[in-house]
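> Quick one: this structure, given as C-alpha cells, is what I'll be asking you about.
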Amino acid sequence: MPKSSNYTEEQLQRAVDAYKSNSKLKITSLSREFKVPYATLYGRINGKKSRTMRVPLNRALNDSQEEAIKIWIHQLDINFCPPTIEHIEAAANRMLRQHHTDPETAPPTVSKMWAYRFIKHLPDYERVKQKPMNPKRVSCEDISFIINWFDRYEAVFNQYHFFPCDIYNFDEIGFQEGEGRGQWVITAFRDTNSVIQSSYSRGLITVVECVSADGTVLDPLIIMKSKVHLEDWYTHSNLPDNYTITASESGFINDEIGFEWIKRFNKMTKKRQMGSHRLLLMDNHGSHLTEEFIQYCDLHKIILFGFPSHTSHILQPLDGVPFQQYKHYHTKAVNEAARYGYEQYGGRQFLANLESVRLQAFKPGTVRAGFADRGMYPVNRDIILNRLRPLTIDDAPDLNIYDGDGDVCNHFTPPPADRPSTASLQLTSPETVAKLHRQIDAAAKALQDVKDTLTPGLTRRLDKIFKGSMVQAELNAHREGELAGHYRANRRRVVKSSRRQVQVGGVLTIKDANRKIATRRADEMKKTFNKNLRSIGIKPTKSTATQPQQDNSIESQPTVDSTPSNESLYSKYFPYAVVFRTHAGTHTVAHSLERVFDRGTPPRLMYYFIIFI
Numbered sequence: 000m001p002k003s004s005n006y007t008e009e010q011l012q013r014a015v016d017a018y019k020s021n022s023k024l025k026i027t028s029l030s031r032e033f034k035v036p037y038a039t040l041y042g043r044i045n046g047k048k049s050r051t052m053r054v055p056l057n058r059a060l061n062d063s064q065e066e067a068i069k070i071w072i073h074q075l076d077i078n079f080c081p082p083t084i085e086h087i088e089a090a091a092n093r094m095l096r097q098h099h100t101d102p103e104t105a106p107p108t109v110s111k112m113w114a115y116r117f118i119k120h121l122p123d124y125e126r127v128k129q130k131p132m133n134p135k136r137v138s139c140e141d142i143s144f145i146i147n148w149f150d151r152y153e154a155v156f157n158q159y160h161f162f163p164c165d166i167y168n169f170d171e172i173g174f175q176e177g178e179g180r181g182q183w184v185i186t187a188f189r190d191t192n193s194v195i196q197s198s199y200s201r202g203l204i205t206v207v208e209c210v211s212a213d214g215t216v217l218d219p220l221i222i223m224k225s226k227v228h229l230e231d232w233y234t235h236s237n238l239p240d241n242y243t244i245t246a247s248e249s250g251f252i253n254d255e256i257g258f259e260w261i262k263r264f265n266k267m268t269k270k271r272q273m274g275s276h277r278l279l280l281m282d283n284h285g286s287h288l289t290e291e292f293i294q295y296c297d298l299h300k301i302i303l304f305g306f307p308s309h310t311s312h313i314l315q316p317l318d319g320v321p322f323q324q325y326k327h328y329h330t331k332a333v334n335e336a337a338r339y340g341y342e343q344y345g346g347r348q349f350l351a352n353l354e355s356v357r358l359q360a361f362k363p364g365t366v367r368a369g370f371a372d373r374g375m376y377p378v379n380r381d382i383i384l385n386r387l388r389p390l391t392i393d394d395a396p397d398l399n400i401y402d403g404d405g406d407v408c409n410h411f412t413p414p415p416a417d418r419p420s421t422a423s424l425q426l427t428s429p430e431t432v433a434k435l436h437r438q439i440d441a442a443a444k445a446l447q448d449v450k451d452t453l454t455p456g457l458t459r460r461l462d463k464i465f466k467g468s469m470v471q472a473e474l475n476a477h478r479e480g481e482l483a484g485h486y487r488a489n490r491r492r493v494v495k496s497s498r499r500q501v502q503v504g505g506v507l508t509i510k511d512a513n514r515k516i517a518t519r520r521a522d523e524m525k526k527t528f529n530k531n532l533r534s535i536g537i538k539p540t541k542s543t544a545t546q547p548q549q550d551n552s553i554e555s556q557p558t559v560d561s562t563p564s565n566e567s568l569y570s571k572y573f574p575y576a577v578v579f580r581t582h583a584g585t586h587t588v589a590h591s592l593e594r595v596f597d598r599g600t601p602p603r604l605m606y607y608f609i610i611f612i
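By numbering that gives the first Met the number 0, the letter at position 222 of the sequence shown is numbered 221, and the numbering carries on one by one without gaps.
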C-alpha cells in the first residue's frame, strides 16, 4: 500500500470516480491500483476536501475581517492612496487588538509574511513601486485642471491664429560643469574598467533657451555664476558672436536678466514675424512676471501664456525631448573630456563645447516634435490627457438585500405570533465589534430553533445581513483607528513653524533648548506686562518679578506682596492670573476683563488687560 505522498490529484480523483461508479470495490484495492494512500482516499470518498480546498485552522483573521480589509484596500486604491504591505499588516494587527479581551496576555499579531500571502489571494492587485512627487505636482496633474488650461489656450490660439513661426517656448536649464553619467562600455576587465573618471568641478551654469514651433532655435543667453566677466570665457570658447553671456552671483536668472532677455527676444523674432502677434509660452517664474517684463510684451504685441505651476514637466515643449537631448550630449561631452585627461571641466570647457552640444540637441525635427508631443502645435489636448491617469472614482454600490431567487427584497414580513419569542435577546445597539459579534452569534443560535418555519430565501437574506454587518463593523472600527492617526498627523502639520533662533552654533541638548525657550518667553511676558503698566500710568519697579513656583497646581489668586513690586502690581491688576506648566517650563498668563477702577483705580485709567503667550 503506498505510504508516500508521491501522487497527483488526478490519480486520487480517478480512484474516487472509480469507487463512485462501483461502490462494491474495496478501497484497499483502489489504493494499490491508483497508487494513492489509503487514508487519503478513504477520507476523500467520505467527503473530506483536499488540503487546498480546506479552510485553514490557523487563520489569523476570520472571513468578515478579511473582507473588511479587502474593501479598505479597494477604497484606498480608487482614491489614489494605495496601501503598502506595512499598512495592510498594521490593519490586520489593529483588528486583532480590537478583538483581544484577555488583559493578562499580549494581543496576537500576524506574521511578517501574512500580508504577502494575503495579497496573493487578490488576483486584481499587484505590488507597484511608487515614485515620490511634490504634492503640488500631483495635484496639478488633475485632468480637470489640465482641461481648463487647454480651454484657455485654445481660446487664445483661435483668437490670434498664430503661425508656427510665431509660437515660441523659452525656459532655463541648469548644468553642473563637470557632471557626467554612467555609460556602457565593452571590456574584458569588469572590475578595473567599471569606473569612469569625473571632473571635481561642480560650478553652476544656467542657459536660457528659446525655440519655435517651426523648428527654429534662437541664440541662447548663458548665465555664469560670477560677479565679473572673465576674459577666459571669451578667448577660449570659440562661441558664435551672437551668443550672449551674463554674470550672476547666484548663477540663476533674475528680474534684470529676464528683462534683458525679452528685449533680445523681440529683436531676434521681429523680422520673422508673420502674424499680428507672437505667442510666448513660459513657466511662471518670478523673473518672467515683473511689471516691466509684462509692459514690454504688451507694447510689442507679445502674448505671454504661462504654464500652471508644477505642470511644465507635462506641458512644456522644451522639457520633453529637447532638454533631455541637451542633458545627454552635455554629459557625453563631460565623459569625453574625462577620457582625454581633463581633471577639471570648468566654465571654459563648458563654453567651448556648448555650440556642438546645442547643434546635436536642437535639431529642427526634434524641436517640432517637442511641440507636437506636448499638444502645443498642432493643438491637441488628447495627447496629454491620455497620459494622465483617469480620476474617475467609482460610486459606492447601493446596499441591496437579495432573496434566494435573485429578486431584490425591500420588505420584511414579521413572523407569526405563534413563533417562539426572542425577547430574551438583548437587542440593544452594540458599541464594539466584539459585542456585535456576540449579538449576531446569539441571534443565529435563536434562529436555529425556528429555522424550520423560515423560508430558504429569508434564511439566506439573514445570513447576508449578519455577514455584511460584521464586515461593515470591522471596516468602521479600522477606519476609526486610521482617522485617529490622520488627526494626530494633521495636528503636527498645522502647527505654525518658527524661524526664531535659539543659539548660534555649538551643541545644544533638548533640555537646554527648552530651558532657553522658557527663559526667553518669561522675559517677553515680563516686558509685555511692564509695557501695559506704563500704558496706564503706572511705573514698574526696578525689582525683578519673582518666578512662580514650579508645581502642577492651578492657582486662582497669586499672593500679593507687601512691597509694591511688579509681582504685587501684577496681582492687583490681574486678579485672575493663573499658573500652568508646559513642556518648556512654567509661565504665568493673565486673563482678566475686570475694570481697573473697580480695584480703586481712577476712571481715566480704565483698561482691559489680556496677555497672550
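In this text, a Cβ means the ideal position worked out from N, Cα and C, and glycines have one as well.
Return helix, strand or coil for K19, following the three-state DSSP convention.
Note: K19 maps to helix in three-state DSSP.
> Which residue comes first and which comes last in the alpha helix (DSSP H) that contains G257?
Element bounds for G257: D254 to T268.
> When the Cα atoms are used, what is the spatial distance from K34 to L453?
Roughly 48 Å between the two C-alpha positions.
> Determine the direct distance from the alpha carbon of G173 to that of L203, and round the result to whole angstroms.
When rounded, the distance between both Cα atoms is 7 Å.
> Under 8 Å Cβ to Cβ from N237, same chain only, skipping five residues before and after it: list those, please.
Cβ neighbours of N237 beyond the five flanking positions: A351 and E354.
> What three-state label does DSSP hand K463 in the structure shown?
Helix.
> Which stretch, first to last residue, makes up the beta strand (DSSP E) that contains K119?
No beta strand (DSSP E) contains K119, which is instead part of the alpha helix (DSSP H) from W113 to K119.
> Mind checking H120: buried by the 16 CB within 10 Å criterion, or exposed?
So H120 ends up on the exposed side.
> Check for me: the alpha helix (DSSP H) holding D372 runs from which residue to which?
Where D372 is concerned, the enclosing alpha helix (DSSP H) stretches over P363 to D372.
> Take every Cβ of the stretch 34-43, pair it with every Cβ of the stretch 6-18, and state whether three or more of those distances are shorter than 8 Å.
With a cut-off of 8 Å, the stretch 6-18 and the stretch 34-43 count as touching, because enough Cβ pairs lie within range.
> Could you tell me which residues DSSP puts in a beta bridge with Y167?
DSSP, once it has assigned bridges, lists S211 and L279 as partnering Y167.
> Could you give the first and the last residue of the continuous beta strand (DSSP E) run that contains L220?
That run of the beta strand (DSSP E) goes L220 to K224.
> In this structure, what does DSSP give as the bridge partners for G173?
T205, per the DSSP bridge assignment.
> How about G250 and H287: do their beta carbons lie closer than 7 Å?
Cβ distance not < 7 Å, so G250 and H287 don't count as in contact.
> For T319, which three-state DSSP category applies?
Residue 319 is actually Gly in this sequence, not Thr. If DSSP states are grouped into helix, strand and coil, G319 belongs with coil.
> Kindly list the residues whose CB is nearer than 6 Å to the CB of H99, restricted to its own chain and excluding five residues on each side of it in sequence; keep chain order.
Answer for H99: P106, listed in chain order.
> Helix, strand or coil for A105? Go by DSSP, reduced to three states.
A105: coil per DSSP, three-state reduction.
> For the beta strand (DSSP E) containing A89, list its first residue and its last residue.
Premise fails: A89 lies in the alpha helix (DSSP H), I84 to H98, not in any beta strand (DSSP E).
> Return the first residue and the last residue of the alpha helix (DSSP H) that A360 is part of.
Where A360 is concerned, the enclosing alpha helix (DSSP H) stretches over G346 to A360.
> What do you get for D381, buried or exposed, if any count of 16 or more other CB atoms within 10 angstroms of its CB means buried?
Its Cβ having fewer than 16 others within 10 Å, D381 is exposed.
> Give a yes or no on whether the minimum CB-CB distance between I172 and chain C is below 7 Å.
Structure shown: chain C not included; a single protein chain is present.
> Straight-line CA distance for K616 to E85?
In the structure displayed, the chain extends from 0 to 612; residue 616 sits before or after that span and is not available.
> Output yes or no for whether 7 Å exceeds the beta carbon distance between M112 and Q64.
No, these two residues do not count as a Cβ contact at 7 Å.
> Would you decide whether D62 is buried or exposed? Buried here means 16 or more other CB atoms lie within 10 Å of its CB.
Exposed, by the Cβ-count rule.
> Taking DSSP's pairing of strands, which residues face I302 in a bridge?
In the DSSP output, where bridge partners are listed per residue, I302 has L278.
> With I537 as the anchor, note down where its beta strand (DSSP E) starts and where it stops.
No beta strand (DSSP E) contains I537, which DSSP labels as neither H nor E.
> Here's the rule: buried if 16 or more other CB atoms are within 10 angstroms of the residue's CB, otherwise exposed. What is G285?
Classification of G285: exposed, given that the 10 Å Cβ count is below 16.
> Quick one: Cα of F292 to Cα of D254, how far?
When rounded, the distance between both Cα atoms is 8 Å.
> Give the C-beta separation of I221 and L387 to the nearest angstrom, bearing in mind that I take them to be a contact with Cβ-Cβ under 8 Å.
Rounded, the Cβ-Cβ distance is 35 Å, inconsistent with contact.
> Of the choices E125, M267 and S275, whose alpha-carbon is the least far from that of D218?
Comparing Cα-Cα distances from D218 to each of E125, M267 and S275, the minimum goes to M267.
> If I follow the unbroken beta strand (DSSP E) through S247, where does it start and stop?
T243 to S247 is the span of the beta strand (DSSP E), which, as asked, contains S247.
> Would you check if the distance between the CB atom of V109 and the CB atom of A91 is smaller than 7 Å?
In contact: V109 and A91 (Cβ atoms closer than 7 Å).
> Just reading off the alpha helix (DSSP H) that N237 is part of, what are its end residues?
Per DSSP, N237 belongs to no alpha helix (DSSP H) and is neither H nor E.
> Please name the residue or residues paired with V216 in a DSSP beta bridge.
In the DSSP output, where bridge partners are listed per residue, V216 has V210.
> Residue range of the alpha helix (DSSP H) that H284 falls in?
That residue, H284, is in no alpha helix (DSSP H); it is neither H nor E in DSSP.
> May I ask which residues mark the beginning and end of the alpha helix (DSSP H) holding T39?
Looking at the DSSP string, the run of the alpha helix (DSSP H) that includes T39 is Y37 to I44.
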